[in-house]
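As given, the protein sequences belong to chains C, W, G and V, one line each in that order. Sequence positions in the first sequence follow our numbering and run 16 to 175. Sequence positions in the second sequence follow our numbering and run 16 to 175. Sequence positions in the third sequence follow our numbering and run 16 to 175. Sequence positions in the fourth sequence follow our numbering and run 16 to 175. We put the CB at the ideal spot given by N, CA and C, even for glycine. Only a predicted model underlies this, so the values are computations on that prediction, with no experimental measurement involved. Quick notes on the structure that follows.
There are 4 protein chains.
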Amino acid sequence: MNNKRLIAVIGGGQCSEEEARLAEEVGRELARRGAVLVCGGLGGVMEAACRGASAAGGLTIGILPGDGPKDANPYVQIPIVTGMGYARNVVVVKSAGAAIAIGGSYGTLSEIGHALQNGIPVIGLNTWALSKNGKQDSSIILAQDPVDAVNKALSPGDTG
Amino acid sequence: MNNKRLIAVIGGGQCSEEEARLAEEVGRELARRGAVLVCGGLGGVMEAACRGASAAGGLTIGILPGDGPKDANPYVQIPIVTGMGYARNVVVVKSAGAAIAIGGSYGTLSEIGHALQNGIPVIGLNTWALSKNGKQDSSIILAQDPVDAVNKALSPGDTG
Amino acid sequence: MNNKRLIAVIGGGQCSEEEARLAEEVGRELARRGAVLVCGGLGGVMEAACRGASAAGGLTIGILPGDGPKDANPYVQIPIVTGMGYARNVVVVKSAGAAIAIGGSYGTLSEIGHALQNGIPVIGLNTWALSKNGKQDSSIILAQDPVDAVNKALSPGDTG
Amino acid sequence: MNNKRLIAVIGGGQCSEEEARLAEEVGRELARRGAVLVCGGLGGVMEAACRGASAAGGLTIGILPGDGPKDANPYVQIPIVTGMGYARNVVVVKSAGAAIAIGGSYGTLSEIGHALQNGIPVIGLNTWALSKNGKQDSSIILAQDPVDAVNKALSPGDTG
């Protein structure tokens with residue numbers, strides 16, 4: 016498989032209803048477009064995205080922090096057990112052609128940092144905004160809505 | 016997915032013809048039985064097992080040590096990119112319900128250690144034998160051939 | 016040793032002269048106060064901080080991403096070799112009682128995320144500023160200068 | 016520091032009295048020779064080795080599997096917190112110029128595998144013996160006693 020078709024959805028293990036709605040729609044759209052979803056495998060944004068992808072017949076992979084598959088949300092089809100805690104965040108993004116960030120936990124922030132450090136495009140929906148010395152950093156590609164986010168994740172070169 | 020259906024095949028990135036033959040047959044049998052194959056994603060035993068599984072219509076996952084998917088053998092369908100070098104060995108075995116060890120590189124030895132440390136059954140085909148203070152250790156379950164190895168991996172409780 | 020006396024300095028492997036000056040002074044002040052410096056062990060901010068700490072007689076630990084100690088800057092006294100690439104970022108911050116962030120590479124951003132996710136105080140000198148939905152996030156404790164940063168890192172409870 | 020002076024002591028978190036006696040003497044001898052001890056930081060062999068090294072005025076580093084320094088044995092002077100579980104085993108051996116294995120838990124076996132895979136000499140005291148296809152593997156350098164083990168760890172090239 017071409018990794019460009021494997022898209023990470025990153026976001027908090029707990030999330031607002033609005034974030035869950037966005038994540039579920041992102042998951043559904045990824046599946047419709049034939050992409051494979053990779054995420055951290057837990058609840059919140061991750062669960063909502065997996066639920067959406069599964070409902071639309073897509074494949075879901077969960078890179079789990081704990082020592083067994085039992086923490087995986089019920090929509091994870093392929094649980095990868097790392098036992099590495101949050102160090103697994105880097106695996107979630109490195110495995111993907113692009114990452115869609117929804118909402119903003121600190122774990123998501125670490126994943127955004129790892130993705131950008133590795134040259135992996137990050138598309139943002141209601142997520143962190145970054146600035147440095149009073150100047151905004153524009154590395155996170157802003158999306159209008161879930162369909163726009165998936166479009167940008169699947170062809171990050173066309174985002175201008 | 017129940018992790019009991021996800022079986023790790025561990026073995027060297029370079030291997031003998033006999034080891035490749037065993038690995039390919041193990042991969043084929045895993046696919047026939049509906050199991051998913053997880054491995055380190057590189058050449059040698061890993062490639063032969065993925066080739067066998069793919070030929071029989073099975074799903075293959077490669078947990079890669081490097082920084083991108085390009086090192087994956089051509090039969091890896093889902094490349095997971097860890098960037099963690101040999102620390103990824105622990106992820107290969109922890110993700111699986113059982114591990115089938117073929118041949119004997121030192122990387123395989125580390126994976127056998129991690130599997131046994133985590134209570135994951137190890138089935139051996141032409142692999143390491145362990146002893147301590149002159150007494151043999153019998154934790155590695157010996158298999159007669161690839162079909163026997165897959166039988167034992169899919170129902171490790173019945174191995175007596 | 017109490018981990019509260021082990022302070023992480025995080026920052027880019029390449030940095031401006033001003034960032035190097037800040038990092039060196041932070042390292043020197045940490046050593047003067049009897050704290051141990053932990054960092055990623057490479058160049059830029061990490062090297063400047065280690066140089067300052069070493070000059071003032073302090074102990075320096077480098078958590079290295081590569082496969083051997085040869086990438087360590089010359090002021091790392093204890094090189095820890097992880098072979099885990101950027102996944103080592105999480106180890107740098109988890110080992111510390113607090114982290115001082117200088118400048119703003121994306122690796123530093125991932126470390127800030129990991130630190131905050133783990134409840135480890137982050138003190139910032141010319142580093143990232145975070146906001147979400149137009150609202151500033153104030154989890155990074157701002158410092159005026161290197162001495163102030165070290166004060167805040169060694170007694171993060173007194174920062175209000 | 017030259018990594019050749021940083022020696023890993025690997026062994027079970029629980030151990031026999033004889034193993035503890037060997038480990039403590041190894042730790043003491045390492046400190047007498049000016050070497051730094053690195054280990055997994057927990058109990059059993061690791062604690063006995065750290066106790067010996069500390070009593071003789073040596074420096075001890077513990078690479079911990081958990082999320083904080085509280086699991087460290089009381090003789091660990093520098094706790095490195097990985098939060099990576101047993102994946103930290105690879106860091107213990109990669110950081111060292113040589114590894115001394117005492118006794119034989121499965122975690123120790125994984126560390127022996129990682130060390131040999133990385134070309135790091137392993138010196139054995141009452142530890143695993145390896146064979147393959149009925150032929151003994153002689154990569155583990157056998158030591159007669161703790162002083163001999165430390166001699167061999169500090170000059171592995173002279174072991175013939």
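Whole-angstrom distance between residue j and residue i, CA atom to CA atom
i, j, result
"Pro136(V)", "Ile25(V)", "13 Å"
"Pro161(C)", "Asp152(V)", "57 Å"
"Lys147(G)", "Pro84(G)", "39 Å"
"Ser154(G)", "Ile138(G)", "9 Å"
"Gly122(V)", "Ser31(G)", "44 Å"
"Asp9(G)", "Val108(V)", "This structure cannot speak to residue 9(G), because chain G is shown only from 16 to 175."
"His129(V)", "Thr75(V)", "21 Å"
"Val106(W)", "Ile78(W)", "7 Å"
"Gln29(G)", "Ile156(V)", "42 Å"
"Glu39(V)", "Ser170(G)", "36 Å"
"Trp143(C)", "Ala158(G)", "22 Å"
"Glu126(C)", "Glu126(V)", "29 Å"
"Lys167(V)", "Gly134(V)", "15 Å"
"Gly49(C)", "Gly49(G)", "57 Å"
"Asp163(C)", "Leu131(W)", "46 Å"
"Ala71(W)", "Val165(V)", "52 Å"
"Pro80(V)", "Pro80(C)", "13 Å"
Contact belief for residue i with residue j at Cβ below 8 Å, rounded distance in angstroms
i, j, result
"Gly101(G)", "Gly118(W)", "Residue 101(G) is actually Tyr in this sequence, not Gly. With a Cβ gap of about 32 Å, Tyr101(G) and Gly118(W) do not count as contacting."
"Ile23(G)", "Cys65(G)", "A small correction: the amino acid at residue 23(G) is Ala; Ile does not occupy that position in the sequence shown. Going by Cβ atoms, the distance from Ala23(G) to Cys65(G) rounds to 12 Å, so no, they are not a contact pair."
"Gly27(C)", "Ser120(C)", "3 Å"
"Asn88(V)", "Met61(V)", "6 Å"
Option nearest residue i by Cα separation, candidates the options
i, options, result
"Leu124(V)", "Ala113(V), Gln92(V), Leu145(V), Ser69(V)", "Leu145(V)"
"Leu45(C)", "Ser69(C), Lys109(C), His129(C), Ser153(C)", "Ser69(C)"
"Gly42(C)", "Gly67(C), Glu33(C), Gly58(C)", "Gly67(C)"
"Val150(C)", "Gly59(G), Ser31(G), Asn141(G)", "Per the sequence shown, residue 150(C) should be read as Lys rather than Val. Answer by Cα proximity: Asn141(G)."
"Arg36(V)", "Asn18(V), Gly77(V), Leu79(V), Gly59(V)", "Gly59(V)"
"Arg47(C)", "Gly73(C), Glu33(C), Leu57(C)", "Gly73(C)"
"Arg20(W)", "Asp86(W), Val51(W), Glu33(W), Glu39(W)", "Val51(W)"
"Tyr90(C)", "Glu34(C), Leu57(C), Glu126(C)", "Leu57(C)"
"Ala63(V)", "Glu34(V), Pro80(V), Glu126(V)", "Glu34(V)"
"Asp86(W)", "Val165(C), Asp163(C), Lys167(C), Asn18(C)", "Asn18(C)"
Any chain G beta carbon closer than 7 Å to residue i
i, result
"Ala23(V)", "no"
"Thr142(V)", "no"
"Asn18(V)", "yes"
"Val106(V)", "yes"
"Gly42(C)", "no"
"Gly28(W)", "no"
7 Å Cβ cutoff, residue i in contact with chain C
i, result
"Met61(V)", "no"
"Leu145(G)", "yes"
"Gly122(G)", "yes"
"Pro84(W)", "yes"
"Gly178(G)", "Only positions 16 to 175 of chain G appear in this structure, which leaves residue 178(G) out of reach."
"Gly55(G)", "no"
C-beta neighbour in chain W for residue i, strict 7 Å
i, result
"Gly100(G)", "yes"
"Val165(C)", "no"
"Ile95(C)", "yes"
"Gln132(V)", "yes"
"Gly81(V)", "no"
"Ser125(V)", "yes"
Residue-level contact to chain V via CB, residue i, 7 Å cutoff
i, result
"Thr174(W)", "Bear in mind that the predicted position of Thr174(W) carries a pLDDT of just 46, short of 50, making it too unreliable to give a figure here."
"Ser170(G)", "no"
"Lys109(G)", "yes"
"Gly139(W)", "no"
### Query
How about the region 76-96 of chain W and the region 103-120 of chain V: do they share at least three Cβ pairs that are nearer than 8 Å?
no
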